[in-house]
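To keep things clear, I will list the structure first and then write my remarks on it.
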Amino acid sequence: MKKGDHLFLVDGSGYIFRAYHALPPLTRKSDGLPVGAVSGFCNMLWKLMQDARNTDVGVTPTHLAVIFDYSSKTFRNELYPEYKANRSAPPEDLIPQFGLIRQATKAFDLPCIEMEGFEADDLIATYCRLAREAGADATIISSDKDLMQLVGPAVSMYDPMKDKEIKIPEVIEKWGVPPEKMIDLQALTGDSIDNVPGVPGIGPKTAALLLEQFGDLDTLLARAGEIKQEKRREAIIANAEKARISRLLVTLKDDVPNVEPLEDFVLQPPNGPKLIAFLKALEFTTLTRRVAEASGTDAAEVEAAVVKVELGDAAHGPDVGAGDSVPTSALRGGRPEGAGGGEAASTPAGASPPTPLRGEGDTPQTLAAARAETAASMPFDVKSYTCIRDIAELYRWMDEARDAGVVAFDTETTSLDPMQAELCGFSIATAPGRAAYVPVGHKNGVGDLLGGGLVENQIPIRDALAALKPLLEDPSVLKVAQNLKYDLVVMNRHGIDVRPYDDTMLLSYVVDGGASTSHGMDALSEKWLGHKPIAFKDVSGSGKSFQTFDMVDLERATCYAAEDADVTLRLWLVLKPRLVAKGLVSVYERLERPLVPVLSNMEQRGISIDRQILSRLSGELAQNAARIEDEIYALVGERINIGSPKQLGDILFGRMGLPGGSKTKTGQWSTSAQLLEDLAAEGHELPRKIVDWRQLTKLKSTYTDALPGFVNPETGRVHTSYALASTTTGRLSSSDPNLQNIPVRTAEGRKIRTAFVAEPGHRLISADYSQIELRVLAHVADIPQLKKAFSEGADIHAITASEMFNVPVAGMPSEIRRRAKAINFGIIYGISAFGLANQLSIPREEASDYIKRYFERFPGIRDYIEETKEFARREGYVETIFGRRIHYPEIRSPNPSVRAFNERASTNARLQGTAADIIRRAMIRMDAALVAAELDAVRMLLQVHDELIFEAREEDVELAIPVIREVMENAAMPAVSMSVPLSVDARAAHNWDEAH
DNA sequence: ACAGAAGCTTA
DNA sequence: GTAAGCTTCTGTT
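Note that my numbering has the first sequence beginning at 305, numbered continuously upward.
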């Protein structure tokens, strides 16, 4: 072996265990004897060997060996008799697979390595060392954390089941420590599976923290007395010896004697017929075909090998054939490869007769009432749903939907992020109780992880979508979905549009805005249908047991997915009439529904970020934060966790006795920035440093470190997700990542904005409304002075100050203007003397006096606030000028503080909600206006409440800006003619910072 | 693994 | 004083 060579070491024992346990329980049981792990293992080996011949692939093995555990007794048992003592025998159905995997390895003509007294991990460690010393690289095919200590510049790991490489950064990401500290970390945490004791009560997070603080295990144990947390300190002192033994147990032995020379591992082309004989014996038809194609062998000519299966003795030696043997086919019950999972239930003919939605006589009102009644009262029967696996049946359902004229539609995918989600299937409902699921991308368990492996008898995705597309785009059929934007992004990516449509989430948002906390389907179903649908996590699991939807067996998938469509259709039947009854149709049709494709497009476009800028910033922030950290430690005298407000409070106000500390509601000392700033102003050194440290670490963790992880690998851009129905006021919200709170206030923070960039040859255009909420206030409250000021383009805060304090605008002290500005914002937020006093750091009496004076000068605003409260109390809601209703069910609460809160929120909601409606109207019209100006290439990317960000070709910028301003400034028209002009500032630049 | 609190970012 | 979302810490399950 020489420099440039690449050794692959497959952790055979680890692989089979992991593959077995990764199978969902249902699939495993119904499959009789799973050879899924063996199939997955063969697929994986084959793929690795294919890559070796494909020089386009970056990492290609020149040497390969598969390593196994020999037996359970190793040198570690001498050290610690309890090692692996509580490990139970492998599950019965797993036992035969150990032998099969060894046989598979031999069928591939690959070295099958094991040694008595040593674990596979020790052999792997030894071969890694040998490869390293020869100047070669090594890749360990495993994801076992016990092996991560081996990772280094020349050694990486590869998780074949997640198709993920594990190098130094990945180890740090997962465990918080670099590979060379993994041994110390494991010594502290122990391992319950292997019965490595560790220190009780110390988990990976704490261990990483301690190692970060003390450097390594020996230092930690020597200086354990310095640990601040009592419980932790005691635990470590008491268990120091256990930690030392644990370290011996988890340290891999990289000098196992008498190992095979690496030269024996040189990768040879596989022996086609020999391999095929084995694969045929196990009925791995797909892989048999692939191998036959690749090796130019006629598979039909090859006779299946006789494969014996060991029963009994599980992780045992090379003498295959010991114990009773039976042919595999007998054990596998003759099932074809990978036929895991139950067959989905199909509807018995004649069950649940469809209630047609078209063709009923009667008046619209009684019809609607009858439909709503049916929808709410008819029981749910998830067993009655159909799983469509036949193209002719799918076409019959498409016809049925077309006849009904309304169809509920839902997609099932592998991810919450619609830009990365893969379609698993879709469901439709044509009448209450009549729904079906069409699986198109469900996979078998581990058996087919690397390449294909679709569950059999699914309609090919192309064919299914070809049948679906005409229905989704049929102008005479209404499609109903819950949160359609998600499904729209997914379907758009498959070249399918959806129109016309209704969205039950948005119907609920318009009908019940403010009254329901969530407009999610489960909540709506319980509220309107009195039915609790199957929870997603009951189908897909959560946490460790989570599996993507494509791994869910078809029966359960059908129950879940078809029920969602059924629920959606019934919700529509209930909610649509209520929309009409409450006179909210135009709010829904003008402000909500049309925004769905607009946002879908914005999300799909995404925005470019410059990762280099972020990574440079991240480095700078880390350095500066580390410097401040050291200064803080020096001032405090010990290495506290600065990120812990609890520890910080104890030090600042407890031990150091700084003044002015107030308590939060849980009895902790408050360490808010405001309070620390005050202390800093009094000349204390430490609070200033803490504030600075917090700013730097916040910028680093939330922005510079997190944003690059959101870059979509296919598009190279960041695609946020906008929620249409998550705020009470009508604003949008942004998440994953939130692009509505990118820093702007400080110079340091603004640097992050420079990383949001336009494509080459393009510019970002930022257009934002100036003082939109104050303008709305001036309009709705009809305040002459404010209207005049806005019409003249005057400085509104200065005018306010001038009115209140009788000082001329010219030469006004900035402090006076600042106070007026705070009052103006206070008004928008539903002012209180308490809040204003806090904001301005003045006594409450003084704040109260300001407010009084303000209302004397602007009596119209006091009237407006009083009218709003009265209306809200009487009706239980307030309205924006476009008729959006926002409910405040608690406004009549007997609790004065709850009531006061609702009063403030409702006065604010009219203003914030109206402003939100205005920018929604602008967004809805924007595309058409740009197209009309032949600016189709100008793309709206982001919305930040009062700002829109566009990307435009350089040559389009000049023309685009006036079009954008025009649309935004006239967005209220013609529904409302505002008595105050709206004003928009727009600017173009290469990055968001300069454009803003 | 999850939930709540505290803190910080935006409009 | 309004409206959001994300990270870290902390304690519980």
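Ideal Cβ placement from N, Cα and C applies to all residues, glycine included.
Keep in mind that this is a model prediction, so the values were computed, not measured.
Cβ distance (whole Å) where residue i is taken to contact residue j below 8 Å
i	j	result
G583	V595	It is worth fixing the name first, because residue 583 is Leu in this sequence and not Gly. Right, their Cβ atoms sit about 6 Å apart.
D1250	A1293	Not really, about 19 Å apart at Cβ, beyond 8 Å.
V1003	G1053	Just to set this straight, residue 1003 is Leu in the shown sequence, not Val. Yes, they are in contact, since the Cβ atoms of L1003 and G1053 sit about 6 Å apart, within 8 Å.
V940	D807	Not really, about 54 Å apart at Cβ, beyond 8 Å.
A1256	A1241	7 Å
V1061	N1295	5 Å
DSSP three-state assignment for residue i, whether helix, strand or coil
i	result
G1164	helix
Y805	strand
H1083	helix
H1191	strand
P774	helix
G817	strand
D714	strand
F684	coil
R943	coil
D495	strand
A440	coil
S1287	coil
M1305	In the structure displayed, the chain extends from 305 to 1300; residue 1305 sits before or after that span and is not available.
K333	Because the pLDDT of K333 is 31, which lies under 50, any placement of that residue in the model is unreliable, and the number read from its coordinates should be weighed accordingly. Helix.
T690	strand
N748	coil
K449	helix
L698	helix
I320	helix
Spatially closest choice to residue i from the options, by CA coordinates
i	options	result
E893	N543, D1221, E382 and D868	D1221
P1278	I1268, F379, A1226 and V481	A1226
A673	R700, A869 and P881	P881
R380	G961, R551 and A839	R551
P464	I541, F684, T443 and Y431	T443
V871	G887, Q978, H835 and L903	H835
I506	I1131, I540 and E474	I540
Y1073	E935, D1231, D1289 and R1161	D1289
A544	T555, V560 and L525	L525
S1136	D791, L566, I838 and N1212	N1212
A1114	A1102, R1123, M1108 and E1107	A1102
S904	A869, D520, L1246 and A341	L1246
T975	D778, G947, I1268 and E597	G947
G757	L873, T590, F518 and R693	T590
I1087	E1160, A512 and I1146	E1160
T1050	G480, L1000, N748 and M960	L1000
Other residues of its chain near residue i: CB distance less than 6 Å, five sequence neighbours each side excluded
i	result
V624	Per-residue confidence for V624 stands at a pLDDT of 32, beneath the threshold of 50, marking its modelled position as unreliable; the derived number appears in the next sentence. If we look at V624 and ignore the five residues flanking it on each side, its Cβ neighbours are G403.
N1206	Y1192, E1194 and I1195
A1085	G1164, I1165 and Y1168
Close Cβ partners of residue i (< 7 Å) along its chain, the five nearest in sequence each way excluded
i	result
D568	P415
K410	C416
A1010	P1041
Residues that DSSP places opposite residue i in a beta bridge
i	result
V742	F730
F1060	I913
G421	T378
I1132	Answer by DSSP bridge pairing: none, since I1132 is not bridged.
E1251	D1072
V1302	Beyond the ends of the chain as shown, which are 305 and 1300, falls residue 1302; an answer cannot be given.
H1066	R1257
I470	M461
Sequence-distant residues of the same chain with beta carbon closer than 8 Å to residue i, five excluded per side
i	result
S1025	D721, P722, E907, S1038, S1039 and D1040
D315	I371, A424, D425, I428, I444, I445, S446, D448 and L451
M795	T715, L776, D801 and V802
V889	L883
A585	A608, A609, V610, V611 and T632
D1231	V902, N905 and M1244
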